[in-house]
Every structure is written in C-alpha cells, then in structure tokens.
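Please read the structure below before turning to the comments.
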Amino acid sequence: MMASGCKNYDFHQIEPFWQERWLKEKTFGAKNESHEKKYYVLDMFPYPSGAGLHIGHPEGYTASDILARYRWANGFNVLHPMGWDAFGLPAEQHAIATGQHPSMNTQNNIRRFREQIQSLGFAIDWDREIDTTSPQYFHWTQWIFLQLFKHGLAYVDDQPVWWCPELKSVLANEEVVNGLSERGNFPVERKNLRQWVLKITYYADRLLQGLKDIDWPDSTKRQQIAWIGRSEGATIDFPVANHDLKISVYTTRPDTLYGVTFLVLAPEHECVERVTTPENQTKVSEYIRNAKRKSDLERTDLAKDKSGIFTGSFAINPLNGESIPIWIGDYVLVSYGTGAIMAVPAHDARDFEFAQKFAIPIKQVILPQTAEQTQENFSGPTLPFCADGILIHSGEFDGLASEEAKEKIIQKVITRSFGRRAIKYKLRDWLFSRQRYWGEPIPILWIERADYDRALKERKAYFVDKMPKETVAYSKNGTEYCAIPLHEAQLPLKLPETNTYLPSDDGESPLARAKQWLNIFVNLSTGEISNEAQEGWVAAMRETNTMPQWAGSCWYYLRYMSPNETKHLVDPRAEAYWKSPDFYIGGAEHAVLHLLYARFWHLFLYDIGAISAEKEPFCKLFHQGIILGNDGHKMSKSCGNVINPDEIVAQYGADSLRLYEMFLGPLEAMKPWKSKGIEGVYRFLKKVWSLYIDEFGKTRTFSENNTPAIDRLLNTTIKKVTEDIEALQFNTAIAQMMIFVHGAQKDGIHRSTAVAFLQLLAPFAPHISEELWARLGENFPIAKAKWPTYDASKLAAHNVKIILQVNGKVRDEILVDAQATPEEIEKIAWQRERFIAFIGQRRVIKKVYVPGKIFNAVIQ
RNA sequence: GCCCAGGUGGCGGAAUGGUAGACGCUGAGGACUUAAAAUCCUUUGUCUGAAAAGACGUGCGGGUUCAAGUCCCGCCUUGGGCACCA
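Just so we're on the same page, the numbering used here is the position in the first sequence counted from 1, plus 333.
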C-alpha cells in the first residue's frame, strides 16, 4: 500500500495517487444505514462559473474537510457532500453570445470545477454529487413549488416590481442594492408586471423566533432580524374634518400622540384624491406626477431632502380633538404600515425636517429623563428628541414614562375604539418569477375561466385537492385565465429546446417563444398533456416564467441525504437519520438571501410533513472570511491580483495550499494572501517528510525511546490540535504542529509518536499523511484510524519558570521544581540579587503569588 | 445618521486579567557548495548603551487593579451591515 518510490517530497506523484485511491475505494462514502453517530458537514455549494475555482473556495472547503476527517477519526459516520448550484445568468449570457445551449456550458464548467475540487483531496462522498439543473433534481424543486401553490403560498400579483432593463428581468427586493442590481450593478426601475410571489411573510414571525435557537454568527442573525423588521405599535384612526372618512396610521410611538401636528400620506395612498380640496387639486396632481417619475434611487436618495404638498384638508386628533393638516409626502412609503403616518416633529427626525421645511408647528411632549438633563438650569433638549422620556403636555398622561404611557394610551385608544394594537414587518413577499431561460420552469398551466369552473363543478378534475383556497387568476385581452398545477406525473417539466435565449424588452420570458411547448392541451380528469387537440381536452398555456437562482439552493442539503430517491424529495428514513447539517460553512454575503429563503422552505416542508426531523435547516453556521489579494484589495480581474488555485497546486501541491489557507489567520477573518507566505508551510511539509524518510527515500528507523521533552511535546500537541480543531482555530493548531516538528527534528521520536503525529496532521494535509502512513506499513486509510488521545499527566514539566515582579514589573526569573511551595519560591527569590536590588530599602506591603507563573512583591 | 466587528513589530498573526509579539514571512549574518538552489544555525519591536543593562511600547486620552492588548468611560479610525420601515 505505497504510493511511489519517490525519494523526495514529490507531491506531483503523491497527491493524484491518493485522490484516485480514495475515489476508487469510496473511502469517504457515507452510509445511510448505520449505528454509528452521524456527522453532516455542509459547504455552500458553488455556482460553477466559467472562471473556474476561485482561491476563496478552498478556504471554506478545507475547513469543512478538516472537520469531516476529524469526525471520521473519531468514529463518526460522516456526510460531506458536494454539488452544483448551476442555474443562473452567466450560463445564459454565454448562450446568448455563442448560441450554444446553456446546459453545454454548464456541464463544461461543472467538469472543470469537479476536477479542481478533486485535485485538492477533499474527503467528499462523490456518489452523492448533485446538480440543480438535472431533471432528477429540479423535479423536486418543481414539486415543492406545487405544494407552495396548493397551500396558497404562491400567488400572482401585478404590483410594481423591480425591473432591470440591462438584465431584462425582474429582481427580488433582496437583489436590489441602492437602486442597482446586486448582480452586475445595473440600474433598476419600477414596472408593473404579472409575477409569481411566495408568501414568505406568512412565516415572518416564525423565521424571527427560530433564530433564537440556532448557533449562528450574531451579525448574521442581526441582519435577518433587521430584514424581517418586526415592530410593535398601534394603528390609530384619525377622522377627516368635513368628510365621512378616517385615515389610519401605524405608529410605534403612541406615547407621542399628543405631539402630532400633521398627517402625511404617501403619494399613492388611496385617500389622496378624496382629501385634496379643489383649490389644491392642480398642485397635488403635479406633485404626485413628479413623485411617480422619480426613480427609487432619487426617492430614497442619500440627501433625503424632504418634499411634500398640503391637501387642504384637516384631520382630528382623536385623543385631544386638535385639528391638524393633512399633507402628502414621498418620504412616506405606501408599501409599509398603512401608507400614512402621524407626524410628531418634536420626536422624529424625518417629521422634524419636514415640519421645518414647511413651517409646521412643532410640539414637544416628551422630556429626557436622565438626571443630568433634568437639572434646574436645563434648557430643554435639542429637538428632535427621539428617545424615550417623560410625558408633558399630554393631558392625563403627563409625568408617565414613555414605556408606561405607550401602554396606557394604547388601552385608551382601544377602549374608545379609534385604534388597535398592531405588529408590522418590513419583510415583503418573495418575488419568485424571472423572465429568463436558464432556470426551473414553473409547473403551472393557465386555462380559461370557463373550462376551470366546469372542471371544478364536475369535481372530477385531477387538481381539485391540489388547489389553493383562492383561485390564482389574471386577465389578458379580456379573457380570464386560471392557474392549475401541472400533474405530478408530468414532472420534471423540462425546458423547451430553443435557440433564442434572449429575453425581450417587454418582460416576456424567452419560453413564450417556444410555441410548441407553450400551447398545449390538457385532460382535466387525468392531467395528461398533448400537443394535439383531443376530444374533451382543453387548451392550456404553460407558465413561461422560470424560478430564480435561489430556488435550487433552498433544499439541496436535503437532497444529499438520498440523491437518487425517486418517490420523495428526500427518503424519509435518510432524513430521520441525517436530520440536518451539523455544521454549515459559507460566505456571509448570503446572510439575508439564501439563508432566509432556505429557512422559509424548510419550515414549510416541515409543516406539510415532507420532512420531520428539524424545524431549522442549519443549526450551526459559520462564515469564512474573504481572502484578499497580495495588495490587500479584494481579488478581481481589474486589479490584476487574482491568485489561481491551479497554479498554486502545480507549484506547491494541494496540501500546501490547504495548510496555507488555514494558517493565514482566523478562519472568520478577512485576510490578505501573501505569495511568499506559502513557502513557510511548504517548508514545513518538507521537514515532515524528512522526519520520516531519509535521503535515499527509505523510511527511517525511529528512536528507541522518546526523551521526556518529546513526550511532553507530543501530549501538548495532541491536546492543542484537538482543542483547536473543535474551536475552529486552525491557524494555531498548525503553529503547534510546526513547534512539534521542530522539536522532533532535534531530539528524534519514537515510532508510536511518529504515527500519532501523522494522524494529527492528516485532516490538514491528508496526502502527505496518507503516504507516510502507508510507508509506516499501515494498511487502512489514516482518516479511519482512531484519533490520538493525550496523557494529562505528561503535560506538566518538572521545572517551571517563575517570573519575579516588583510592583507588577518583570525584574527576574527563576527556574524551580514544579512542586515547589510559594514559601520555597519566595525563599529563592530573596536570594536573587537583581530582584532584591529593585526592592532596595522599601517595605514590602503585599505579595501576590500566581501558581506556576508569577511572584509579585508590592512595595511602598 | 443608526447597529456591529476590528485597530498589536517591516508584514500575516499569537496571547483563561499574569513574561506582549507564539508560529510563519521578510531582512541581516553564518555553515554546507566550485557556484547556485535546497537545507541547517544565529539574529530581527523602538530608543539609550561598547557591553551588562535600562527606559519605552498593543489607535488616542482617562480610570479600575499588585498586575491591563484583555475590564470600564470618552474620543479617533478601518471594515461590514442597515438606511426615509413611522
């Protein structure tokens, strides 16, 4: 069981040899039937781009691989899979440019990625490889969509959506950053289009609550919390003077209700026309026209210059009867709360700015409550004062603290029935359709209303028990169409073959041009589909939108458990065993996209019983930091600082690359790549080699015995490496192994020590470890060898160094027996001239002894 | 503007309140070599000093403590996130 007769550390020979061997012997195949404890370690699977593997990929993959191999060595049945998130724009743009079908391009990229990843020697179960673009996979992505549809969580809507003219597609809220597309940084605009939307808001509260029980980086949890944006408050109805009309506003600050000096409606608010008085009509219409013309970037611009217009009407504050003007302003969003606000300029920065600009009265009703600010000479806070405080000018509520006042005022509002408690979320429903070719087709058929009604009435339709309570419908050219699910037997619904991938300017998907695929006939009793009209069948049109790239990644971690399952999205027995990943690693950039969408789908699948083991998909999450270029900037082609992993592997080998990426710094930190730095770990591996192999390429004969120092060093190293792996502190684990090798080189080591050290090194640098392991005559994979344990009694040295301090400053050091008592140590200290010299004639008033470390004399 | 995480030698980074700078890179000197590469050894925070040694030193200013990179208060600064969400 030996790789080669290579004399020197020839990784070119060693690494491919073991990679092939692991693959062929399925060394890292996970067993779905096992009495062993399971460990499921998951990487965020890559998008196989045409650029090939990036140097950042192996960072997370190596970290997860170290854990996988470490768990194997601890007797776990480990699942460490890999796959491809392969739908997406670049493959399609490549197709547009070359005419080559996107699947060709995708398969080429996958092949390259697989080769590159395999060249790094990860302990992956390649029999479980998945590809989101394969029909066997998207069959179940489509199946999940049908379940969402059935449960009323997928619906169509033609509210304004983000449209990107450059990408010719709509984008989800999460994909728009500062008015630009997340992908490509192209401008986006608002456009009314008929779109599929998933009701993620139905899960808003549970998505928030679920965060409490999972072990995630705080910053990521905070981002999701902020994105969900739950707030508690009240909606309050303001009657409009001289109208039979009330305007409802949402507020989180009912304690400021006495400070309301105006209302503001969003320009799109439904009451705008009714409250606008005739003399203000012209100006208001003009204002609204302008507001509509403004791009969202302008409207939410950084300058935030307030604009607005008076409607001419007044509302009545229901609490104190004050008459307050009703304004229109585009700083109020129609899509949040009620689309109208009560403005309290004294205690809200935005209202304050608005009031100042339009000379509206500002009425202070809250006083700061800190002792410092309530002193006699206190002249009042700088307005706006937005924190909690004590109420003034608020009638019966004067003197109450904000928190209590909120509650009391809400109660009064409820009793007098002009309002109610309310909880609002910033989270919006997930815009789920894309006008693109290279995505999962949405498995929906559109039939005419008459056919739909007749089928339902006859109660024989195949879809009766697969429909949402509310019919999903839309009208086009005077005809109403209803959505029905494709029969499950028709899944997977494959993309039509076409040679025009280019989307159109009007938001129509390229699929709409594949007429053969688009216009079909369906048997409403059986769900069968045909291209030819048949007796009793009805004409139907397929949905032409496709799913967004996030769809496939919402449930891939389940598919790995049983990648070939044909009856379920995941084999229930496999799911019961593997549950969910024990460890999930990937970039922080997915904090609110993938990681929120996947949690949503997981909760849904749990609710409908498709899975049963866990309510949360990712119980422990970790983000690896970004690796920057040599120059400290983010790697990019334009900066010319991109490091190619293939070149590193060719020059130093995979083990060096793995080791170096782990040695760079803390896993979570952003850190610059230094091309010189890899020399250090490469030298280290060469030293390891020569510790085991002599200059003729023969395995060395080891020492008869370890020196006591080596015994201690080995045990310290086992302890440190084990603990550091558990804590994901790989950089310091490697440092400790370097210290070990240095000591081993000097003193020589016993064979058993040589064996143990290889095991520690194996998760980090598996190829060289496996090679040397084989040369030591072992005949099974090193990853399956039981992880070494340390002997705690051998960690302590016989002699310890005690630091002598005077007033906390280091003045001397002494070497004493580890068993020495404080008295004995003090006695030795008083014999040290250097130490005594710093004390001189002064009196010692205190002595501090830190066992095994420090003796500190405190003098006057 | 708001929220979060950082700031330690020439560089990447180590340090349960207890010797700051582990480990690695770089630089300097040396050994081996005809030479180079590789390897090995010594050295490498700043200042003063021939040396012994001493003083200073973890973004800045205070504080707590026998003892502070670490804890507390204020500020500066870098990175990330959110940003009219009422």
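Every residue, glycine too, gets a C-beta built ideally from N, C-alpha and C.
Margin query: For cysteine 815, count the other beta carbons within 10 Å of its own beta carbon; 16 or more makes it buried, fewer makes it exposed. Which is it?
Written below: In summary, cysteine 815 is buried, with 16 or more beta-carbon neighbours lying within 10 Å of its beta-carbon over all protein chains present.
Margin query: Out of Leu544, Phe765 and Glu740, which one is the CA nearest neighbour of alanine 487?
Written below: Selected option, being the one with the closest Cα: Phe765.
Note to self: Taking 8 Å as the limit between beta carbons, can you name the residues of its chain near phenylalanine 282, skipping five residues before and five after?
What the structure shows: What the structure shows of the chain is the stretch from 334 to 1193, and residue 282 is not part of that stretch, so it cannot be assessed.
Note to self: Less than 9 Å between the C-beta atoms of alanine 428 and tyrosine 770, yes or no?
What the structure shows: By the CB criterion at 9 Å, alanine 428 and tyrosine 770 fall inside the cutoff.
Item checked: Neighbourhood of tryptophan 529 by C-beta distance below 7 Å, restricted to the same chain and skipping five residues each side -> For tryptophan 529, same chain residues with a beta-carbon under 7 Å away, outside a window of 5 residues either side, are Ala487, Val489, Phe765, Ser766, Ile775 and Asn878 in chain order.
Next item on the list: Keeping to the same chain, check which residues put their C-beta closer than 6 Å to that of tyrosine 939; ignore five residues upstream and five downstream.
Entry: For tyrosine 939, same chain residues with a beta-carbon under 6 Å away, outside a window of 5 residues either side, are Lys948 in chain order.
Note to self: Suppose the cutoff is 7 Å on Cβ atoms and the five residues either side in sequence are ignored; what does the same chain contact list for aspartate 1145 look like?
What the structure shows: Taken in chain order, the residues that qualify are Leu1137, Arg1165, Arg1167 and Phe1168.
Notebook entry, point to check: When the Cα atoms are used, what is the spatial distance from arginine 1176 to isoleucine 1192?
Noted result: The alpha-carbon atoms of arginine 1176 and isoleucine 1192 are separated by roughly 6 Å.
Notebook entry, point to check: What residue does the alpha helix (DSSP H) around aspartate 398 start on, and which one ends it?
Noted result: Run containing aspartate 398: 390 to 406, per the alpha helix (DSSP H) assignment.
Checklist line | Any non-hydrogen atom of the ligand ATP closer than 8 Å to valine 903 Cβ | finding: The model depicted lacks the ligand ATP and carries no ligand whatsoever.
Notebook entry, point to check: What is the rounded straight-line gap between the Cα of methionine 968 and the Cα of tyrosine 993?
Noted result: Cα to Cα, the separation comes out at about 17 Å.
Margin query: Less than 9 Å between the C-beta atoms of leucine 412 and alanine 363, yes or no?
Written below: Yes, the pair counts as a contact, with Cβ atoms nearer than the cut-off.
Next item on the list: Can you check DSSP and say which residues form a bridge with methionine 675?
Entry: Partner(s): Leu596.
Note to self: Looking only at its chain, what residues have a beta carbon closer than 6 Å to the beta carbon of proline 1114, apart from the 5 residues adjacent to it on each side?
What the structure shows: Excluding residues within five positions, the ones whose Cβ falls inside 6 Å are Thr360.
Next item on the list: Check glutamate 709 in the structure and name its three-state DSSP category.
Entry: Unreliable placement is indicated for glutamate 709, whose pLDDT of 40 sits below 50; the coordinate value is still reported in the next sentence. In the three-state reduction of the DSSP assignment, glutamate 709 falls in the coil class, being assigned neither a helical nor a strand state.
Checklist line | Whole-number beta carbon distance between isoleucine 1051 and leucine 1093, since they are thought to touch under 8 Å | finding: About 7 Å; that satisfies the 8 Å criterion.
Check: Going by other Cβ atoms of all chains shown within 10 Å of its Cβ, with 16 needed for buried, is alanine 648 buried or exposed?
Finding: By the 10 Å Cβ count, alanine 648 comes out buried.
Check: What are the start and end residues of the alpha helix (DSSP H) that includes isoleucine 1051?
Finding: It spans 1041 to 1059 - the alpha helix (DSSP H) in which isoleucine 1051 sits, taken as one unbroken run.
Item checked: Reference histidine 1083; option with closest CA among Thr1065, Glu1059 and Arg1045 -> Comparing Cα positions, the closest option is Arg1045.
Notebook entry, point to check: What number of angstroms, rounded off, separates the C-alpha of aspartate 915 from the C-alpha of tyrosine 807?
Noted result: Aspartate 915 and tyrosine 807: Cα-Cα distance of roughly 44 Å.
Item checked: Option nearest alanine 1087 by Cα separation, candidates Gly408, Asn1048, Tyr1025 and Trp888 -> Minimum Cα distance to alanine 1087 is reached at Tyr1025.
Check: Secondary structure at proline 468, three-state DSSP: helix, strand or coil?
Finding: The answer is helix: DSSP assigns proline 468 an H, G or I state.
Next item on the list: Go ahead and pull the three-state DSSP assignment for alanine 704.
Entry: In this prediction, alanine 704 scores a pLDDT of 45, lower than 50, which makes its location untrustworthy; the coordinate-derived value is nonetheless stated afterwards. Helix.
Item checked: Cβ contact check for the stretch 523 to 539 and the stretch 469 to 488: 3 or more pairs under 8 Å -> Yes, since at least three Cβ pairs between the stretch 523 to 539 and the stretch 469 to 488 fall closer than 8 Å, the two stretches touch.
Next item on the list: Below 6 Å CB to CB, which residues in the same chain sit around alanine 738 once its five sequence neighbours on both sides are set aside?
Entry: The answer, listed in chain order, is Asp588, Leu724 and Phe730.
Note to self: Quick check on the DSSP output: what are the complete alpha helix (DSSP H) runs of length 4 or more inside the stretch 1078 to 1138, in order along the chain?
What the structure shows: Counting only runs of at least 4 residues, the stretch 1078 to 1138 fully encloses the following alpha helix (DSSP H) elements, listed from N- to C-terminal order: 1084 to 1094 and 1099 to 1108.
Notebook entry, point to check: If we call anything under 9 Å between Cβ atoms a contact, is phenylalanine 595 one with isoleucine 699?
Noted result: Going by C-beta atoms, phenylalanine 595 is not nearer than 9 Å to isoleucine 699.
Next item on the list: Specify the secondary structure class of tryptophan 549 as computed by DSSP and reduced to three states.
Entry: Here tryptophan 549 carries a coil assignment [DSSP, helix/strand/coil].
Checklist line | Boundaries of the alpha helix (DSSP H) in which alanine 1162 is found, first to last residue | finding: Start and end: 1155 to 1162.
Note to self: So, for serine 1102: in the same chain, excluding its five sequence neighbours on each side, which residues have a beta-carbon less than 7 Å away from its beta-carbon?
What the structure shows: Closer than 7 Å at the Cβ level, and outside the excluded window around serine 1102, lie Leu1091, Leu1094, Ala1095 and Ile1115.
Checklist line | Reference phenylalanine 350, options Ser436, Ile388, Gly389 and Ser452, closest by Cα | finding: Of the candidates Ser436, Ile388, Gly389 and Ser452, Ser452 places its Cα closest to the Cα of phenylalanine 350.
Check: Ends of the beta strand (DSSP E) at methionine 874?
Finding: It spans 871 to 875 - the beta strand (DSSP E) in which methionine 874 sits, taken as one unbroken run.
Next item on the list: Verify whether the separation of the beta carbon atoms of isoleucine 1242 and isoleucine 450 is less than 9 Å.
Entry: One cannot answer for residue 1242 here, as it falls past the ends of the chain, which runs 334 to 1193.
Notebook entry, point to check: Can you name, in chain order, every residue of its own chain whose Cβ lies under 7 Å from the Cβ of alanine 1002, other than the five neighbours on each side?
Noted result: Hits under 7 Å: Gly958.
Check: Residue range of the beta strand (DSSP E) that serine 1036 falls in?
Finding: Where serine 1036 is concerned, there is no enclosing beta strand (DSSP E), given that its DSSP letter is neither H nor E.
Next item on the list: Take the Cβ of asparagine 438 as the centre, count every other Cβ of all protein chains shown within 10 Å, and call the residue buried at 16 or more, exposed below.
Entry: In summary, asparagine 438 is buried, with 16 or more beta-carbon neighbours lying within 10 Å of its beta-carbon over all protein chains present.
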